[in-house]
Amino acid sequence: GGGGGIPAKNALGDDLMAKAYLAEKPAGDRSLAQGLKGDATYLIVKDDKTLESYGLNAVCTHLGCVVPWSAANNKFMCPC
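For the sequence shown, the numbering used here begins at 41 and goes up steadily by one.
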């Protein structure tokens, strides 16, 4: 590949800047952003306060709902 990636976007469609984003989020955070094609995508903050090198598409392949993160169960739990 040619390197680089696609910028994640906030709810308003503005690019997320990693430094500012990480300053607001705790280690272990899993927050939604806009990923490829505007799909809901989880950005994951690692224990060392850096971002994972990938985003997780949050759209269920079954019925198309957004799968929420359950901190209490330490996993994503699809409601459908």
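Heads up, the beta-carbon is just placed ideally off N, CA and C, and yes, glycines get one too.
From the options, pick the residue whose C-alpha is nearest to that of residue i; which is it?
i: residue 89; options: 80, 58, 81, 108; result: 58
i: residue 48; options: 63, 109, 94, 66; result: 94
i: residue 102; options: 52, 112, 118; result: 118
If we call anything under 7 Å between Cβ atoms a contact, is residue i one with residue j?
i: residue 98; j: residue 107; result: yes
i: residue 61; j: residue 70; result: no
i: residue 56; j: residue 80; result: no
i: residue 76; j: residue 46; result: yes
i: residue 87; j: residue 112; result: no
Indicate the three-state DSSP secondary structure (helix, strand or coil) for residue i in the structure shown.
i: residue 97; result: strand
i: residue 107; result: coil
**Message:** At 4 residues or longer, what runs of the alpha helix (DSSP H) sit wholly inside the region 50-91?
**Reply:** 58-64
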